[in-house]
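Asker:
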Amino acid sequence: MKKRRAARKTSAMVTVTDLKRTDSGEETRIVRRLMKFEELPAYMKDNEFIHNHYRCQWSLRDTFLSAFSWHNETLNIWTHLLGFLIFMWITVVSSLETTELGLAGIFNGMYGARISLSSNQTLLHHDSNVTQHISLQNVQGEVNNHNHQGDVIPKWPWFVYLAGSMACLICSSVSHLLACHSKCFNLFFWRLDYAGISLMIIASFFAPIYYAFSCNPYFRFIYLSSISILGLLSTVTLLAPALSTPRFRPFRANLFLAMGFSGIIPASHVLCLYWGHPNVFIALGYELATAVSYALGVVFYVSRVPERWKPGTFDIAGHSHQIFHVFVVLGALVHCVATLVIVDFRRAYPSCGV
Ligand SMILES: [Zn+2]
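In full-length UniProt numbering, the protein residues as written are 1 to 354.
1. In this structure, how does DSSP classify residue 274 when only helix, strand and coil are distinguished?
2. What's the C-alpha gap between residue 44 and residue 187?
3. At what residue ranges does the segment 30-82 contain a whole run of the alpha helix (DSSP H), taking only runs of 4 or more?
4. From which residue to which residue does the alpha helix (DSSP H) around residue 335 run?
5. Rounded to the nearest angstrom, what separates residue 181 and residue 278 at their Cα positions?
6. By a C-beta neighbour count over all protein chains shown, 10 Å radius and 16 as the cutoff for buried, is residue 258 buried or exposed?
7. With a threshold of 7 Å (Cβ to nearest heavy atom), would residue 71 be considered close to ligand 1?
8. Any chance the segment 312-326 sits against the segment 280-289, with 3 or more Cβ pairs inside 8 Å?
9. When DSSP labels each residue in this structure, what does residue 305 get in the three-state scheme?
10. Tell me which residues share the same chain as residue 48 and place their Cβ nearer than 8 Å to its Cβ, disregarding the 5 neighbours each side in the sequence.
11. Count the other CB atoms within 10 Å of the CB of residue 140; is the residue buried (16 or more) or exposed (fewer)?
12. Over the uninterrupted alpha helix (DSSP H) stretch that includes residue 313, give me the two end residues.
13. Which word fits residue 336, buried or exposed, when buried means at least 16 other C-beta atoms lie within 10 angstroms of its C-beta?
14. For ligand 1, is there any heavy atom lying closer than 7 Å to the beta carbon of residue 319?
15. Is the CB-CB distance between residue 193 and residue 172 below 8 Å?
16. Could you please give the first and the last residue of the uninterrupted alpha helix (DSSP H) stretch that includes residue 230?
17. So, helix, strand or coil for residue 195, using DSSP?
18. If you draw a straight line from the C-alpha of residue 309 to the C-alpha of residue 93, how long is it?
19. With DSSP collapsed to three states, give me the class of residue 245.
20. Give every residue of the same chain whose Cβ lies closer than 7 Å to the Cβ of residue 289, excluding the five residues on either side of it in the sequence, and list them in chain order.
21. Is the beta carbon of residue 102 closer than 8 Å to that of residue 343?
22. Under the rule that 16 or more other beta-carbon atoms within 10 Å means buried, what is residue 339, buried or exposed?
23. Report yes if the CB atom of residue 252 is closer than 8 Å to the CB atom of residue 238, and no otherwise.
24. Please find out if some non-hydrogen atom of ligand 1 comes closer than 7 Å to the beta-carbon of residue 46.
25. Taking the alpha carbon of residue 211 as the point to measure from, which residue in 55, 352, 66 has its own alpha carbon closest?
26. Rounded to the nearest angstrom, what separates residue 229 and residue 198 at their Cα positions?
27. Is the beta carbon of residue 83 closer than 8 Å to that of residue 291?
28. Hey, could you find the ends of the alpha helix (DSSP H) residue 104 is sitting in?
Below, the structure written as structure tokens:
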């Protein structure tokens, strides 16, 4: 069977036509055409403000290759794929034996700088008589992951967060790439996407709670098991096919927000336990920035602004879901910084009696 290809450009999109010649000499024409919203089957009609450039029921091969062409999901695929690659880079740097877990350690690893915060020259000091200072020195000695007592600061809760984030970002990217292939794929991948978001939220809680409550194992257990149960319940709820429909967009958004904002409880607890410690204030400031970033993303996700204001204008670039993706990646990165500040805090204080 021979195949030849013709491509022609129409306005902003490319329509690709495959001409397949069978052994009997007959020629069948297969058109991979970007469709308009009103041409879509009901299960694909999600956002009426995006008018054009939809892929619909393309072959699996063409759907995969569409990652490298322009349509209304291209930037949704790449925003989260890029986020995934950034997190993979952080994971590789973190897993190096020479990388000390902490803000300076990770940044040194990422930028290859030969500077580090020493354990006694921490970012901030809790003693109010001591001026807050940032001190950098050359790394000459061996790197370790111990606090002043010699207790090991484990890296695994940090890796739980990185793994959860990577899982969420890659699930999202693959879902945006493949969900258009068929009705079956559509149902499966959007639910996978929602499960990925739940997983990322649960994983986000692990590292900061583990490090912040390392002197309070009872509360640490309560908080971590509570968020795990809440996350699993949310995931099971979101696996119901009916909840994948556009009608339940606000419900899904509220569920994710409720999970995220349940972090206010352990955050307030940490504030009570370590009131007056600058590192804790800084970490919570970053957590607040994370929450604002996620919340802003959700506002775009639910309101479908700006495409609502000028339907059809933001089909390829600039629509609400792409903005939502960017805020998710930004929020996740700021959460990384918050977690590492807490690790620095844990390393800086020699005993649980602080
Ligand atoms: Zn998405």
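Each residue gets a CB set at the ideal place from its N, CA and C atoms; glycine is no exception.
Answerer: Quick look at the numbers:
1. coil
2. 10 Å
3. 60-65
4. 320-348
5. 51 Å
6. exposed
7. no
8. no
9. coil
10. 37, 311
11. Confidence in residue 140 is poor, its pLDDT being 33 and thus under 50, which makes the residue's placement too unreliable to answer from.
12. Note, residue 313: premise wrong, no alpha helix (DSSP H); not H, not E.
13. buried
14. no
15. yes
16. 217-238
17. helix
18. 43 Å
19. coil
20. 334
21. yes
22. buried
23. yes
24. no
25. 352
26. 11 Å
27. no
28. 103-111
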